[in-house]
Amino acid sequence: MIGNFRGLGIAYHRTSDTRLQLLFFTGQIDGIALVVGTSRSILAAMKVNVIVKPKEAVLDPQGNAVRDAMRHLGMPEVRSVRIGKYMEIDAEGEDADLEKRLHGLCRDLLSNPVIEEYSIERSSE
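In structure tokens form, the structure reads like this:
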């Protein structure tokens, strides 16, 4: 930092992919900065897409109704429709434990494993 500075300033400095250093500037500075720093972890963001749909062996009356409506509206080529759920999940962290817990939540909360199957795909964004 060049020039005179009086007061308080805050700046961030990335020290690695997962660490961030928070810098505090205090007092009057004449060409040299007095820095008190602290660092904290930056958790990497993980985006996943979860798709839940009925198992192939399970009847899908909602899908059949949509298929019939599509045929009625001029699309006789439609053979079948399956209605499911699509979820985008943003999570902090990228480890095997997080992915294992996501699978557990999909199995126990987001889907009914008796009649539905789910898939988890990492988003490229």
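So the sequence shown is residues 1 to 125, counted in my numbering.
Even glycine gets a Cβ: it sits at the ideal position worked out from N, Cα and C.
How would you write the range of the beta strand (DSSP E) that K47 sits in, first residue to last? A45 to P54
What would DSSP say about R122, mapped onto helix, strand or coil? strand
Selection from V66, P54 and Y86 that minimises the alpha carbon distance to E117: P54
Would you mind stating whether V81 and V66 have Cβ atoms separated by less than 9 Å? yes
Beta-carbon separation of R122 and V48 under 9 Å? yes
Just to confirm my understanding: we take G63, look at its own chain, exclude 5 residues before and 5 after, and list those with CB closer than 6 Å. What are they? V81, R82 and I83
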